[in-house]
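J.:
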Amino acid sequence: MAHWLVKSEPNAYSFDDLVRDGGTVWDGVRNNAAALHLKAMKVGEEVLFYHSQEGKAVVGLAKVARTAFPDKSDPTGRFVAVELKPVRPLKKEVTLADMKAEPKLAGMEMLRQSRLSVSPVSDEQWKTILKMAGG
DNA sequence: GCCAACGTTGGC
DNA sequence: GCCAACGTTGGC
-12 MAHWLVKSEP
-2 NAYSFDDLVR
8 DGGTVWDGVR
18 NNAAALHLKA
28 MKVGEEVLFY
38 HSQEGKAVVG
48 LAKVARTAFP
58 DKSDPTGRFV
68 AVELKPVRPL
78 KKEVTLADMK
88 AEPKLAGMEM
98 LRQSRLSVSP
108 VSDEQWKTIL
118 KMAGG
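In my numbering, the protein residues as written are -12 to 122.
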């Protein structure tokens, strides 16, 4: 099973919003690299939910509820959306500073390319982050 | 098809 | 608020 990380500005859509809604369509991605990752997602795969700008931390776990389908909000029809459901909040947030300070996470895609809104997370990175979050 | 200019994202 | 990184656009 692959793992992923998605970013959202909590002002626009926070993890609490996802919990409140019980799930959401993850659309609005307008970047090819990110879209490729969306297309690779499978139902049931788990996703780290990261708050950018206000927060700068991984705050919760979500999972893929529906694989990629055409993003209705995209007039060109080139991009896709998925559906995500909340799993649980993390016991402890894992901040960007925490992740940068952890050598095991040095190769993380989201650290390498900070603007990428959807990125893959390796098994080892996944385990490391969950451990940092208090299990 | 190249590349400069511009816009957007996101960390600081 | 600034700036670096990166993607996109448009002139040539």
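Just so it is clear, CB atoms sit at the ideal spot from N, CA and C, and this is done for glycine as well.
What you are looking at is a predicted structure, and each value in this text was computed from that prediction instead of being measured.
#1: By DSSP's criteria, ARG75 is part of a beta bridge. Which residues make up the other side?
#2: Provide the residue(s) that pair with LEU(-8) in DSSP beta bridges, ordered along the chain.
#3: Compare the beta carbon distance of VAL69 and ARG53 with 8 angstroms and say whether it is the shorter of the two.
#4: Can you tell me the Cα-Cα spacing of GLU41 and VAL(-7), whole angstroms?
#5: Alpha helix (DSSP H) containing VAL12: first to last residue?
#6: Report the option in VAL74, PHE56, ARG75, PRO73 whose CA atom is closest to the CA atom of PHE66.
#7: Taking Cβ to Cβ, would you say GLY121 is nearer than 8 angstroms to LYS79?
#8: Alpha carbon to alpha carbon, what distance is there between SER39 and LEU5?
#9: In terms of alpha-carbon separation, which member of SER101, VAL12, VAL81, PHE36 lies closest to SER(-5)?
#10: Evaluate VAL105 with the Cβ neighbour count: other Cβ atoms within 10 Å of its Cβ, from every protein chain shown; 16 or more gives buried, anything less gives exposed.
T.: Taking the structure as given:
#1: Within the first sequence, the letter at position 88 stands for residue 75. DSSP, once it has assigned bridges, lists LEU48 as partnering ARG75.
#2: Counting from 1 along the first sequence, the entry for residue -8 is found at position 5. LEU35, SER106, per the DSSP bridge assignment.
#3: Translated into the one-based positions of the first sequence, residue 69 becomes position 82. Translated into the one-based positions of the first sequence, residue 53 becomes position 66. For the pair VAL69 and ARG53, the CB atoms are nearer than the 8 angstroms cut-off.
#4: Position 54 of the first sequence holds residue 41. Position 6 of the first sequence holds residue -7. Between GLU41 and VAL(-7), the C-alpha separation is close to 15 angstroms.
#5: The sequence position of residue 12 within the first sequence is 25, counting from 1. Note, VAL12: premise wrong, no alpha helix (DSSP H); beta strand (DSSP E) at 11 to 13.
#6: Counting from 1 along the first sequence, the entry for residue 66 is found at position 79. When only C-alpha atoms are compared, the closest one is PHE56.
#7: Here the question's residue 121 lines up with position 134 in the first sequence. Here the question's residue 79 lines up with position 92 in the first sequence. Yes. Within cutoff.
#8: For the purposes of this step, residue 5 is identified with residue 18 of the first sequence, where counting begins at 1. For the purposes of this step, residue 39 is identified with residue 52 of the first sequence, where counting begins at 1. Spanning the two alpha carbons is a distance of roughly 15 angstroms.
#9: Here residue -5 is taken as the residue at index 8 of the first sequence, counted from 1. Measuring from the Cα of SER(-5), the nearest candidate turns out to be PHE36.
#10: Here the question's residue 105 lines up with position 118 in the first sequence. By the 10 Å Cβ count, VAL105 comes out buried.
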